[in-house]
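In order, the protein sequence lines correspond to chains V and X. Here the first sequence is numbered in full-length UniProt numbering, starting from 1 and rising by one per residue. Here the second sequence is numbered in full-length UniProt numbering, starting from 1 and rising by one per residue. The beta carbon of each residue, even a glycine, is placed where N, CA and C say it ideally should be. I have placed the structure first, in the form of structure tokens, so that the comments after it can refer back to it.
Protein chains: 2
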Amino acid sequence: MREGPDIARVAALVADPARSAMLIALMDGRALTATELAGLGGITKQTASSHLAKLVDGEVLTVEAQGRHRYFRLAGLHVASLLEALMVFSSDAAPPLRTGPRDPALRKARICYDHLAGEMGVRLFERMQADHWLADDLTVTERGNDKLAEIGLNLGNLPPSNRPLCRACLDWSQRRQHLAGRMGKAILDRVLALSWARRLPESRIICFSPEGERGFNRWLS
Amino acid sequence: MREGPDIARVAALVADPARSAMLIALMDGRALTATELAGLGGITKQTASSHLAKLVDGEVLTVEAQGRHRYFRLAGLHVASLLEALMVFSSDAAPPLRTGPRDPALRKARICYDHLAGEMGVRLFERMQADHWLADDLTVTERGNDKLAEIGLNLGNLPPSNRPLCRACLDWSQRRQHLAGRMGKAILDRVLALSWARRLPESRIICFSPEGERGFNRWLS
DNA sequence: CGAATGGTTCGGTTAGGATCGAACCATGAG
DNA sequence: CTCATGGTTCGATCCTAACCGAACCATTCG
Numbered sequence: 001m002r003e004g005p006d007i008a009r010v011a012a013l014v015a016d017p018a019r020s021a022m023l024i025a026l027m028d029g030r031a032l033t034a035t036e037l038a039g040l041g042g043i044t045k046q047t048a049s050s051h052l053a054k055l056v057d058g059e060v061l062t063v064e065a066q067g068r069h070r071y072f073r074l075a076g077l078h079v080a081s082l083l084e085a086l087m088v089f090s091s092d093a094a095p096p097l098r099t100g101p102r103d104p105a106l107r108k109a110r111i112c113y114d115h116l117a118g119e120m121g122v123r124l125f126e127r128m129q130a131d132h133w134l135a136d137d138l139t140v141t142e143r144g145n146d147k148l149a150e151i152g153l154n155l156g157n158l159p160p161s162n163r164p165l166c167r168a169c170l171d172w173s174q175r176r177q178h179l180a181g182r183m184g185k186a187i188l189d190r191v192l193a194l195s196w197a198r199r200l201p202e203s204r205i206i207c208f209s210p211e212g213e214r215g216f217n218r219w220l221s
Numbered sequence: 001m002r003e004g005p006d007i008a009r010v011a012a013l014v015a016d017p018a019r020s021a022m023l024i025a026l027m028d029g030r031a032l033t034a035t036e037l038a039g040l041g042g043i044t045k046q047t048a049s050s051h052l053a054k055l056v057d058g059e060v061l062t063v064e065a066q067g068r069h070r071y072f073r074l075a076g077l078h079v080a081s082l083l084e085a086l087m088v089f090s091s092d093a094a095p096p097l098r099t100g101p102r103d104p105a106l107r108k109a110r111i112c113y114d115h116l117a118g119e120m121g122v123r124l125f126e127r128m129q130a131d132h133w134l135a136d137d138l139t140v141t142e143r144g145n146d147k148l149a150e151i152g153l154n155l156g157n158l159p160p161s162n163r164p165l166c167r168a169c170l171d172w173s174q175r176r177q178h179l180a181g182r183m184g185k186a187i188l189d190r191v192l193a194l195s196w197a198r199r200l201p202e203s204r205i206i207c208f209s210p211e212g213e214r215g216f217n218r219w220l221s
């Protein structure tokens with residue numbers, strides 16, 4: 001009788017309006033927090049938490065904990081394919097709501113909690129390692145201190161804290177690591193203070209000016 | 001808040017075990033009666049009747065009344081694609097309950113609505129792309145037409161239809177794409193007409209003969 | 001150390017829907 | 001016509017799961 005792959009299990013996960021709203025919101029590959037998703041689904045965070053746990057358990061979503069946030073994202077391409085296949089049914093109407101010009105910008109550079117992420121953040125971090133600003137254990141080398149001084153940054157002046165100075169943080173859009181920790185924050189602060197870039201209100205986008213990007217690239221080279 | 005396409009509606013239709021069992025049974029494109037489907041779903045005919053009404057109402061199935069029978073079949077290719085997309089999830093993990101000798105055959109070649117799926121289908125599709133039978137936008141190139149002519153297929157002779165000529169369909173067992181659309185159907189029809197393969201009754205398996213497989217491979221090379 | 005914020009757990013309520021028995025309608029066979 | 005069979009409708013039961021309030025845990029900030 002009832003055999004074969006258990007299609008109903010996954011379908012049931014998508015079958016709830018709140019869950020499907022959250023899934024659609026994640027279709028562009030972004031990673032969103034539980035409270036953001038609760039808002040998008042029109043439910044309280046308790047309910048969202050329960051839904052998200054089910055989706056993760058069902059391997060439809062993956063989580064990544066960062067600080068006190070938990071970032072949820074689709075578990076892979078096959079999930080997006082499934083959602084696309086479902087959208088075919090309601091396709092005749094329903095103009096898609098997303099993918100304004102903001103998305104590419106978000107991939108290029110954005111704030112991740114308090115430090116730089118996206119393409120620019122990843123490039124920074126990889127350059128710091130390749131050029132030995134950082135040692136393998138993520139401590140700052142002498143050359144690192146020199147380079148930081150070039151943009152007016154002296155780690156000795158940072159406010160004390162028990163938060164680690166350097167930490168690697170997984171970048172969702174690039175799937176590589178970028179620099180987090182107090183130093184990540186300090187560098188972003190300098191980038192903003194130098195007017196190399198500015199934050200766009202109501203979003204996580206960091207917008208580099210043309211001169212700012214040139215300055216940043218020159219600094220890395 | 002909650003906008004966008006109402007994917008939860010269709011997902012809910014598939015989310016019931018009895019309904020999904022019936023849908024899977026229909027994946028080979030056959031049309032079955034309500035009582036047959038009731039048996040396959042492991043439910044009484046009253047319940048099945050209710051389920052089937054919902055599926056028809058939701059445009060997942062179509063009915064055809066003949067005498068005192070009512071034949072149900074999938075509403076279209078997009079339904080089969082959806083079911084395949086769902087099967088992707090239960091394929092890798094979840095030690096399947098049944099691994100008789102039929103499964104390998106099913107993975108090797110099977111019918112997906114009306115076109116070739118499984119290992120053979122995926123190989124065909126990848127070859128078509130690598131060897132430029134198809135352009136990136138899935139239109140048929142001149143070389144493609146030549147190769148199709150080799151097995152006696154002329155796309156100009158296909159019956160007109162508004163169904164797309166070429167479509168990619170995610171393959172459940174392979175997690176890659178295979179060829180659907182009118183051309184996918186036409187190729188499978190030729191493969192069967194050439195006696196390269198035949199359908200096994202009561203299943204979705206497409207069984208290639210040794211010579212048939214050789215012919216198929218030679219055609220691809 | 002609080003205070004603030006992001007998230008989870010628990011308990012109780014509620015609504016939807018899957019299920020089947022029984023009765024009913026429609027078609028076809030004899 | 002009568003009977004058997006395919007299918008639907010109705011009503012009642014029962015179970016699941018979505019939901020939120022409230023309390024709780026964890027992390028960061030001052």
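- By the Cβ neighbour-count rule, Asp103/X is exposed, with fewer than 16 other Cβ atoms within 10 Å of its own.
- Against chain V, the CB of Met87/X has a partner CB under 8 angstroms away; the residue lies at that interface.
- A Cβ-Cβ separation of about 6 angstroms places Arg107/V in contact with Glu119/V under the 8 angstroms criterion.
- Its Cα nearest to that of Leu165/X, the residue Ala180/X stands out among Ala180/X, Asn154/X and Ala197/X.
- With its beta carbon less than 8 angstroms from one in chain X, Leu83/V belongs to the interface.
- Counting only the Cα atoms, Gly41/V lies some 18 angstroms from Thr62/V.
- Asp6/X belongs to the set of residues whose beta carbon lies under 8 angstroms from a beta carbon in chain V.
- C-alpha of Ala75/V to C-alpha of Cys207/V: approximately 29 angstroms in a straight line.
- Of the candidates His178/X, Pro5/X, Gly212/X and Ile187/X, His178/X places its Cα closest to the Cα of Ala85/X.
- At a cut-off of 8 angstroms between beta carbons, His51/V makes no contact with chain X.
- Residue contact check for Pro104/X against chain V: no CB pair falls below 8 angstroms.
- Residues of chain V with a Cβ closer than 7 angstroms to the Cβ of Ser20/X are, in chain order, Ile7, Ala8 and Ala11.
- Of the candidates Arg73/V, Asp136/V and Gly152/V, the residue whose Cα lies closest to the Cα of Leu37/V is Arg73/V.
- Residues of the region 117-140 of chain X with a C-beta atom less than 7 angstroms from some C-beta of chain V do not occur.
- Annotation: Pro201/X to Arg143/X spans about 35 angstroms, alpha carbon to alpha carbon.
- Pairwise C-beta distances place the region 41-50 of chain X out of contact with the region 38-58 of chain V, as fewer than three of them are shorter than 8 angstroms.
- When the Cα atoms are used, Met27/X and Ala31/V turn out to be separated by approximately 35 angstroms.
- Closer than 8 angstroms to the CB of Val63/X there is not a single CB belonging to chain V.
- Met183/X and Ala149/X have their C-alpha atoms spaced approximately 13 angstroms apart.
- For Ser90/X, the chain V residues whose C-beta falls within less than 9 angstroms of its own C-beta are Gly4, Pro5, Asp6, Ile7, Arg9 and Val10, listed in chain order.
- Nearest CB-CB separation between His69/V and chain X: not below the 8 angstroms threshold.
- For chain V, none of the residues of the region 186-210 of chain X brings a beta carbon within less than 7 angstroms of one of its beta carbons.
- Following the DSSP letters along the chain, one finds Val63/V inside the beta strand (DSSP E) bounded by residues Leu61 to Gln66.
- At a C-beta separation below 8 angstroms, His78/X has these neighbours in chain V: Ala85, Val88 and Phe89.
- Leu220/X is the residue among Ile151/X, His51/X and Leu220/X whose C-alpha sits nearest the C-alpha of His132/X.
- Chain-ordered, the chain V residues with CB closer than 8 angstroms to the CB of Val14/X read Ile7, Ala8, Ala11 and Ala15.
- Classified as exposed, Pro160/X has fewer than 16 neighbouring CB atoms from the shown chains inside 10 Å of its CB.
- Setting aside the 5 residues that flank it on each side, Leu188/X is surrounded in the same chain by His115 and Leu116, each with a C-beta closer than 6 angstroms to its C-beta; the list follows chain order.
- Leu116/V carries a strand assignment under DSSP once its states are collapsed to helix, strand and coil.
- In the structure shown, Ala168/X adopts extended strand secondary structure according to DSSP, grouped into three states.
- One thing to note: Ala186/V has its Cβ within 8 angstroms of the Cβ of Leu158/V.
- By the Cβ-count criterion, His69/X is exposed, with fewer than 16 other Cβ atoms from all chains shown falling within 10 Å of its own Cβ.
- With fewer than 16 other CB atoms across the displayed protein chains lying within 10 angstroms of its CB, Arg218/V is exposed.
- The residues Trp196 and Ala197, in chain order, have a CB closer than 6 angstroms to that of Gly212/V in the same chain once the five nearest residues on each side in sequence are set aside.
- Residue Ala53/X holds the alpha-carbon nearest to the alpha-carbon of Leu13/X among Ala168/X, Asp136/X, Ala53/X and Ala109/X.
- For His78/X, the secondary structure class from DSSP, reduced to helix, strand or coil, is helix.
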